[in-house]
Structure formats: structure tokens, C-alpha cells
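Just below is one structure, and these are the notes that go with it.
Residue numbers (this note's numbering): 4 to 417.
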């Protein structure tokens, strides 16, 4: 009888636990409050028991969670590759909590099986296609690219802004009655922009989360033909943003890997090789976009003499225990060399050969003689398909050209 009672209690407990977990499985929809603005959030939870999984959704894109814990009514969803966590309480189909890093957290409120806010139609002006956003950025840019396409969901648009550092990631949204509001909430963080058509055929573009930065408010976007007619300069060439002080000097680096082993450009590993030195950090969304391309190049050309070295700059707390960098390496299955170069503020100190080195990421392409042959600032990711495809083609052709060059003699290379 006691055995039967014990089994009965275990069964009831299991059912209750399953019921609790069933109450969190499904799509969650709501908002995060970021700098006083409401940014739409979509979270999907699947699985059961110890196999719970979660992902932040952005259109058809998914930011998968590294882990999910649900005990009692306490839900913790981790995204280790960005060192961000959703920490929330779940009750009666509502989820309230915060999302972010130790230093910065945003209030989040979601409802299970909730409905996302819908667009209210479309503006009178067709805004699809390419635009040039006139800017005077701190990095010397005169224009950004704004690309707007129809989204899979009717009455919505998909957009991306391409800057010298890289793109914003895909932005989705719709017409509010007087402007388009587009944004995302991913593992990389939030974004929210307004795009307001004007009677003269231009657009006014504002970063709604950076009201404190004048250079990102009420920017005028024109069609490329309009911009040329107005004699406005175009976007900065990514190969002209950063240069080196002495192109005849070998590019030098010497930093530890994650095991503490010092790796230098003078090591036999790099002698006579074509080397891509990629400057980045695991905090940098555009560096996340770049990593799969670098890994693909490494697998394709390593046997022909290509080496890739990622010089990672991280915050002080991550340097003490680089858990995010390890998760970054694991997420993308990186097999090329990753070194820990220092804190982000030390970029120019640690890379003294760079001139106007101010973009994350930036890649230096070294010939077999160890000298810099080309520098690429920023990265156009998959959110900007035409620019991304063009960049991958350009970089692949550059690597192939460098690999075709003769291996210099030891004395000549040094």
C-alpha cells in the first residue's frame, strides 16, 4: 500500500511538472522596453522536460538559446554566444522579466500565444529598393545604404542599413499610419528605426533607440540617382577606410590563444602563407556574421596555404574568463586560430600598424611575404544579400589571387 501511494505521488508530481512545462511551450509575443521605446519581441519555446529549447524569432530568422531552465515558475534562457540571458517569472500565460547582460538589462513582458501588432496598411509612397542615407558619422562616412524589400508577411517590409562597420541585421516592421517602424529583438540585442516618407520623395530615417545621438536622428534618405544629382558623395569604399603605416613592413602580431600559448606572425605556421588577420570581438554582431565566411574560406583554402587568425578584443570581465568567446567559437565551429588580443579600448595600441582602424570587424589580407595587400573594413552580412554575395565573391577572388603568388625565399620574406 505504501509502495502504491509513493508511486501515485511520483505520478502526480510528474503530471504537475509536465503541466507546468506545457504552460510555457509555444510562441510568446510582447515587448521589451528599451530607452523608453517598446521593441517587439517574439520568443518560441519547444520541447519538454530536460529537453526544453528556445529561440528569439526575427522574421524567418532564429537566435537559438544555448540553454533553458524552468524550475517552479522561474524561467532562465541563456544565449552564451552573446553573454545574454532572459530571466523571467511565468504565471497565467504571462512572462515578465529582463533580458540582457550583467551590465545592461531590459524589462520584457510577453504573453503566450499572443498576437503581434499588425500593420495598418501601407504608405502612399513605394519605398522598396535602395536608398542612400546622408550622414556625417564619427567614422568619416557621408552615406549609409538603406535597402527595403517586401516581407513574407503582407503589409510588412524587411529592411537593412549598411554602414562602414557592417549592417544592422534584418529589420522587420510595418506602416503605422504616418511612418514605417522597423526593428528586431535578437540575441545580439534590440534595434528600432522609424522611416517616414516625405512629399519630395525622400525618407526621414531615425534610430529610435539613440535619441541622444544627433547623427542618427532625422537623416535624409534619397534614391541613388537623387543623391548623385545633388552631388552628394556615396558610401565609403570598405577597402579605403583603413590603411597601414608602412606597406613594405611585415604585419606583426603576438598574442595568446585561449590556452595561454603565445602565437606570433613569425611562427613557422605562417611562414610563406597567405594570412587573413581578422580584428573582431565576440560582442560584435557583424563579427558573428563574418565568422562563418572565414571558416568556409579556411576549409576551402587551408590546404593551399591559407591561414586565418582572429584577434579578439573583449571587455575586461570577459578577458578574466572568456566564456562568451568560447561559446562564439563553438557556435560557428571555428577551426582557425583565435587569439585574445586585449580590451576593445586597446585596439590601436595593440595594432599600431593600422591607420584609421576604427571598424569592427576589420580584416587585413597578407600576401605570402607577410605584408598587407588589402584591408577590408566592416562586413556585409546575410541580412543584405546583394552586398553579402558581392563581398564573399570579392574576398574569395582576392584569396585565390594571393595564393597563386610564389612562395618567397626565407631571406626575402623577412
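Every residue gets a Cβ at the ideal spot worked out from N, C-alpha and C, and that includes glycine. This structure is a prediction, so every number in the text was calculated from the model and none was measured.
Report back the beta-carbon spacing between residue i and residue j to the nearest angstrom; my notes put them in contact at under 8 Å.
i           : j           : result
residue 390 : residue 165 : 6 Å
residue 345 : residue 313 : That belief does not hold up - the Cβ atoms of residue 345 and residue 313 are roughly 13 Å apart, past 8 Å.
residue 170 : residue 387 : 5 Å
residue 147 : residue 206 : Not really, about 12 Å apart at Cβ, beyond 8 Å.
residue 332 : residue 341 : 6 Å
residue 370 : residue 247 : Not a contact, Cβ separation roughly 13 Å.
residue 79  : residue 69  : Not really, about 11 Å apart at Cβ, beyond 8 Å.
residue 126 : residue 183 : 7 Å
residue 94  : residue 111 : So it is not a contact: roughly 14 Å between Cβ atoms.
residue 375 : residue 250 : 6 Å
residue 285 : residue 327 : 5 Å
Helix, strand or coil: how does DSSP classify residue i here?
i           : result
residue 219 : helix
residue 408 : coil
residue 401 : helix
residue 360 : coil
residue 299 : helix
residue 421 : Past the edges of the chain, shown from 4 to 417, lies residue 421, and the structure says nothing about it.
residue 332 : helix
residue 33  : strand
residue 391 : helix
residue 294 : helix
residue 73  : strand
residue 288 : helix
residue 91  : strand
residue 116 : coil
residue 320 : helix
residue 142 : coil
residue 8   : Residue placement at residue 8 cannot be trusted, given a pLDDT of 43 that sits under 50; what the coordinates show is reported in the next sentence. Here residue 8 sits in helix by DSSP.
residue 61  : strand
residue 350 : helix
residue 166 : coil
residue 150 : strand
residue 396 : helix
residue 156 : coil
residue 313 : strand
Does the Cβ of residue i have 16 or more other Cβ atoms within 10 Å, making it buried, or fewer, making it exposed?
i           : result
residue 384 : buried
residue 257 : exposed
residue 276 : buried
residue 74  : exposed
residue 3   : Past the edges of the chain, shown from 4 to 417, lies residue 3, and the structure says nothing about it.
residue 197 : buried
residue 191 : buried
residue 392 : exposed
residue 293 : buried
residue 59  : buried
residue 51  : exposed
residue 67  : exposed
residue 321 : buried
residue 412 : exposed
residue 100 : buried
residue 42  : buried
residue 168 : buried
residue 107 : exposed
residue 319 : exposed
residue 291 : buried
residue 128 : exposed
I'd like to know whether the C-beta of residue i is nearer than 8 Å to at least one C-beta of chain C.
i           : result
residue 124 : In the structure shown, chain C cannot be found, because there is only a single protein chain.
Starting from the C-beta of residue i, find all residues in its chain whose C-beta is less than 6 Å away, skip the five residues before and the five after it, and write them out in chain order.
i           : result
residue 105 : none
residue 361 : 142
residue 231 : none
residue 366 : 279, 281 and 379
residue 255 : 268
residue 237 : 146
residue 273 : 310
Please work out which residues of its chain come closer than 7 Å, Cβ to Cβ, to residue i, disregarding the five sequence neighbours upstream and downstream, and give them in chain order.
i           : result
residue 122 : 158, 159, 177 and 178
residue 175 : 61, 62, 154, 159, 161, 185 and 187
residue 49  : 28 and 56
residue 351 : 357 and 360
I'd like the list of long-range same chain contacts for residue i, defined as Cβ closer than 8 Å, with 5 residues on each side in sequence excluded.
i           : result
residue 37  : 109, 193, 195 and 212
residue 114 : 31, 32, 33, 96, 97 and 98
residue 218 : 138, 139, 140 and 141
residue 220 : 209, 210, 213 and 214
residue 235 : 135, 137, 145, 146 and 225
Legend entry - In chain order, each alpha helix (DSSP H) run of at least 4 residues that lies wholly inside the segment 174 to 243: 227 to 232
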